[in-house]
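Down below is the structure, laid out as structure tokens.
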Amino acid sequence: MDPTDVSDPRYYHKVVDCQWACPAHTNVPAYIRLIAQGRYSESYLLNRASNVFPGVLGRTCDRPCEPACRRGRIDEKPVAICRLKRVAADLRDDIEPFLPKAPEQKNGKRIALIGAGPASLTVANDLLPLGYTVTIFEKNREPGGLMRINIPSFRLPAQVLDDECGYIINMGAEMRYGAAVTSLAAVLDEGFDAVFVGSGAPKGKDLDIPGRHDDPAHVHIGIDWLANVHFEHIKKIEPRVIIIGVGNTAMDCCRSAKRLGATDVKVVARRGRQHFKASPWELEDAEEEQVEIIENHAPKRMVVENGTLVGMEFDVLDWTEDASGKQTSRVLRTETIPCDAVILAIGQDNAFPWIERDLGLEFNKWDMPVVDSETHQSTNPKVFFGGDAAWGPKNIIWAVAHGHAAAISIDLFCQGEDVTKRPPQGMNLLSVKNGLHSWAYDNGFDASGRQVMRHEDLTKRFRDMKVEVELGFSAEQVATEVSRCLNCDIQTQFNAPKCIECDACIDVCPTACLTITKAQSSEAELRKHLTVPATNADQDIYHSSPLPQTERLMVKDEDVCLHCGLCAERCPTAAWEMQLFDLLQPKAGATCHEEVPATV
Amino acid sequence: MTSIAKPIATHPRLKTNSLGLTIRDYEGGMSTLCAGCGHDSVTAAIVQAAWELALPPHRAAKMSGIGCSSKTTAYFMKQSHGFNSVHGRMPSVASGAAAANRGLNVIGISGDGDSLSIGLGQLTHAIRRNTNMLYVIENNGVYGLTKGQFSASADIGSKLKKGETNEQPPIDPVLLALSVGATFVGRSFSGDKQQLVPILKAAISHRGLALVDVISPCVTFNNHEGSTKSYQYTRDHDVAAVEADYIPVCDPIEITGLGAQSSNGHADSLRVVQLHDGGTVRLRSTSPDYDPTDRASAHQHISACQRRGEIATGLLFVDSGSRSLHDVLRTSSTPLVDLRHEDLCPGSAALDSLMKRFR
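Sequence lines, in order, name chains R and D.
Those letters in the first sequence? Residues 1 to 600, per the numbering used here, in order.
Those letters in the second sequence? Residues 1001 to 1359, per the numbering used here, in order.
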């Protein structure tokens, strides 16, 4: 068996579950440590280096990091990573002096960004400091895209968004507000060196059932309705509202409806709860506000009497699953739920009526542009796509990740280089040993449970759309929550030639991660021969080169390592060491450079 | 020392024994021994053996004297009884505890200094009495607590860290124990839990004194080139003379570690020894003329190994007919501590009638 190659940054990167799961690879443990030390501004800047919108994402992120969090495998509840991000954003000082600045001397390349949402703004954020001239086309009068018009302000106050969009725009982006692009050819004709399409997936799906168009004034498309609420074109809604669909847009719709006068709000889903697309915490928040969630109801028709919507008829379904996991449904009965208005929140589509089909830009059979998944380049080499515009609706953090990748491509393209030659990831490993039994990080294990977010009183929060529901963590909650983080970026590094096979590390490991055992025919076989067999195939195992005295292997199952450092403390020869892993993410304009060095 | 106590978090898929306890429940306090000390591995082996045997922690008593080895009783089974006694006097205190409460599993931990120098007489008499206990000698050849002087188990020719050579012959606790009538003698190595844990399980289950000599390197003062008790030297010279497997009474008897064929091809050397608790020990000597149930054969074989510079390890001798102190004294089957005072002390009238018999 070949020893595990830990010189590949991906090995240690994968150990940092949160950072691995984050599309933008935010350095979560490092920013949590900075919060623990009260260094909020540094924490914010470290966040911003990868996710660009810490304040926005600290409130609205889909949090792919949290289900991945190792803590969730130790005591079931992950660290409240997302809301700690908000702590850094809320408590930061003025960080503007530390932001990158655009040089006076431009590099002569002009880039057009279509849509001022998270993807385009990320591209601008990465390219402006390199001397690019950036022009952003935005159909609305304010930047932010869906972050502004589709996320209600009781979840995301406008000021937070203004600040974070401002940091980018103030570097000198040319903003063309109120300029809905109606022709890509016209944009290209302006002589831009590259165009980035970050226009989102702006078309809400409709539901073609009988009665849909019989009372159009009372049937709304979710994201359009949310936009109208944002622009205050809509200021109230009827008392009884049905929301169709159960994604996060549906959650925003039902909670907005409660604030616009609805008293009886029901969210109706075709399937059972385990299939809901909405994040569990958004469902919880909606239910806290007395929104009723109804499962297994398929829309059949809208009941309109005398031109007025009076209810909706549903087939009540019973779902069964066969051995292969295929779901089939059977209609139990039909049921009518009375209502005065319906909001359809069943998904979004892309729409590119403004892209001419003779620009060398291919579309596939779903009428989506053909875009390279790594370079974000379309078949017209000057045109790049990112965010929801590229491959359909995802979420903000994915749009940011796309923006970074596209910025690298645009930079390579404009410099005449091959966009497929991507700059590699790198890493730094730095010992965190301060002395005998003294580490540069807090290695103790805090058994506290996950902190629960404080919410505004139910009696107060409905007075105004703008009353933010989540109040953020208290100082005591922050202190507890930061100490729940296991510091997975402080890596256990093994040096086989130094090992004397005294078993000290194995004996002291609290979570039975380590084994010294004979080599096996394969890694799969080795997994079965450990102190506790490594059954979580998503988690890597490390195996060393043969040990000097017996030629057995040191094996570590990464699954539930607490990164407490006891193996290294009990190692008499420093064969085990604790080292801070710092992932060096490639960025536009440099192969590998850190904006803020990670610290412990 | 460590900077923190061992985190309370455990592996989520940790197994439980028949008492519903995980192996973590058999741990004790954090060790303050040097990092890499063999004693910590012996501790871990005891933890594992006790967990596998499902020993009720409240039915165990941990006994020790003085020395690095004697600290280790604090590092396992924190819910058990314990007595940290005077230097070399652990066997007496352990004998008292075992005499008073025959229901206890007495686990005595000592070292080569504690047992082979100041406590040598105590050790031999405890063996002679056949006190019902596990007696572990954590043997590293030096006095670690006083910075590494040679102990009584240091081999001739072994070198100290600064080059001084030992010229006095060692006391081998295994040969000593055999010669004073020990009924269970084993030797193992702290760095080989696969061998050590089954020996400890059999030793705990043995009725009488089970002596287990464990080569347990002193990583600070006796783990250098020239030492004969280092990790490297022990691994190079360790000859597994007897392979042992302990099968508790509740487990179905099936050949697990020991097949019908031994590693050196002797097909007929498997011996099954029934212990008093109903469990069985399966022994396979790796030499055809060595019978680990025969005292003379064991003595001869181990001496021969010693002459060749080999360290014979394994469950080297077991006497299945062992009679412990309680058997010899025919004490009541109810532990003395559980007897009523009037039964334990029949009073002056009974004493007078006893005295009359001698007049």
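All C-beta atoms, glycine included, are put in the ideal place defined by N, C-alpha and C.
7 Å Cβ cutoff, residue i in contact with chain R
i, result
"D/M1077", "no"
"D/K1006", "yes"
"D/S1262", "Low local confidence applies: a pLDDT of 43 at D/S1262 is under 50, so the model's placement there is unreliable, with the coordinate-based value given in what follows. It does not: the Cβ of D/S1262 has no partner Cβ on chain R nearer than 7 Å."
"D/Y1231", "yes"
"D/V1328", "no"
"D/G1029", "no"
"D/T1002", "yes"
"D/A1009", "yes"
Under the three-state DSSP convention, the category residue i falls into
i, result
"R/V160", "helix"
"D/A1202", "helix"
"D/H1081", "strand"
"R/W576", "strand"
"R/W225", "helix"
"R/D349", "strand"
"R/E305", "strand"
"R/N428", "strand"
"D/Y1026", "helix"
"R/R527", "helix"
"R/Q274", "helix"
"R/V371", "strand"
"R/F385", "strand"
"R/L260", "coil"
"D/A1054", "coil"
"R/I169", "helix"
"D/L1336", "helix"
Residue-level contact to chain D via CB, residue i, 7 Å cutoff
i, result
"R/G444", "yes"
"R/T511", "yes"
"R/L99", "no"
"R/C504", "The sequence shown places Ala at residue 504 of chain R, rather than the Cys named in the question. Chain D, which has a Cβ nearer than 7 Å to the Cβ of R/A504, makes this yes."
"R/R570", "yes"
"R/V555", "no"
"R/T561", "Here residue 561 of chain R is Cys; the residue named in the question, Thr, does not match the sequence. Not closer than 7 Å to any Cβ of chain D, the Cβ of R/C561 fails to qualify, so no."
"R/H437", "yes"
"R/A227", "no"
"R/C564", "yes"
"R/I243", "no"
"R/V532", "yes"
"R/E74", "What sits at residue 74 of chain R in the sequence shown is Ile, not Glu. Answer yes: the Cβ-Cβ gap between R/I74 and chain D drops below 7 Å somewhere."
Close beta carbons around residue i, own chain, < 7 Å, minus the five adjacent residues each side
i, result
"R/N125", "V52 and I168"
"R/N228", "I234"
"R/W354", "V181, T182, S183 and L184"
"R/I242", "K266, V268, M312, I337, C339 and V342"
"D/L1092", "The question names Leu, but residue 1092 of chain D in the sequence shown is Ser. Excluding residues within five positions, the ones whose Cβ falls inside 7 Å are Q1122."
"R/P54", "Y44, N47, R48, K85, A88 and A89"
Enclosing alpha helix (DSSP H) for residue i [first to last residue]
i, result
"R/Q493", "Looking at the DSSP string, R/Q493 is not in any alpha helix (DSSP H); the run it does join, the beta strand (DSSP E), is I490 to F494."
"R/Q19", "D17 to A21"
"D/A1098", "M1090 to A1100"
"R/L34", "V28 to A36"
"R/E42", "Y40 to N51"
Cβ shell of residue i (< 6 Å), same chain only, five flanking positions each side left out
i, result
"R/D90", "G472"
"R/G403", "A119, T122, V123 and G386"
"D/G1259", "With a pLDDT of only 40 at D/G1259, under 50, the local geometry of the prediction cannot be trusted, and no value is derived from it."
"D/G1082", "K1062 and T1073"
Close-in-space but distant-in-sequence residues of the same chain around residue i (CB under 8 Å, 5 per side omitted)
i, result
"R/C604", "Chain R is shown only over 1 to 600; residue 604 of chain R falls outside these bounds and no answer can be derived."
"D/I1156", "N1166, E1167, Q1168, P1169 and P1170"
"D/T1010", "T1022 and R1024"
Limits of the unbroken beta strand (DSSP E) element including residue i
i, result
"R/K556", "L553 to D557"
"D/N1105", "N1105 to G1111"
"R/T336", "Q327 to P338"
"R/F196", "A194 to V197"
"R/T517", "L514 to T517"
"D/K1062", "A1060 to S1064"
**Asked** Quick one: complete alpha helix (DSSP H) runs, 4+ long, within the region 63-138 of chain R?
**Response** 65-68, 71-75, 81-91 and 118-127
Extract the residue ranges of the alpha helix (DSSP H) inside the region 1116-1162 of chain D, only unbroken runs of 4 or more that lie entirely within it.
1120-1129
- prompt: Residue ranges of each alpha helix (DSSP H) run of no fewer than 4 residues wholly in the region 1275-1329 of chain D, ordered along the chain?
  reply: 1295-1307 and 1325-1329
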